[in-house]
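Step one of this worksheet: look at the structure below.
Numbering (the numbering used here), first residue to last: 330 to 484.
Here you go:
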């Protein structure tokens, strides 16, 4: 959507600049073709009020389009940052739980292994003012065998 607006602004700017160029060329052509006009009237330099007004309008439209594009891109960037943070928090939680597992000393009845007991668990973490809820379920694939962890992150 923003690309279409930007493309339209470029089209409007291009067409308006062509119109100004043609009007300016016609004005100078008229001045140079009429020698009497040169003798009777002083040649003016600078821009007319109409040229300045139209250029200001074009600049305002272009500035509004650029501002709208920047504003429209801000929220998707925030959402993307939140997703990356959620993925990082999920990875961190899995690494913390993995560090508690050691095949030679594994005893699920230990108190420090409570995060790895079968069932549902919840962890809440806040990063940059956003609260992330990490809910995970530990299930057993086979008796005294590997366990499965299903993790869901919401914010």
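Just so you know, even glycine gets a beta-carbon here, dropped at the ideal spot from N, CA and C.
Item	Value
Close beta carbons around residue 453, own chain, < 6 Å, minus the five adjacent residues each side	462
Beta-carbon proximity list for residue 469, same chain, < 7 Å, skipping 5 on both sides	447, 476
Cross-strand partners of residue 461 (DSSP beta bridge)	454
Nearest-angstrom beta carbon gap, residue 418 and residue 467 [assumed within contact, 8 Å]	Wrong, their Cβ atoms sit about 18 Å apart, outside the cutoff.
Residue 387 versus residue 394 - alpha carbon distance	11 Å
Exposed unless 16 or more other CB atoms sit within 10 angstroms - verdict on residue 416	exposed
Backbone secondary structure at residue 448 - three-state DSSP	strand
Neighbour-count burial assignment, residue 422, 16 or more Cβ in a 10 Å radius	buried
Distance, residue 480 Cα to residue 465 Cα	4 Å
Reference residue 444; option with closest CA among 411, 478, 459	478
N-terminal and C-terminal residue of the alpha helix (DSSP H) that residue 421 is part of	378-428
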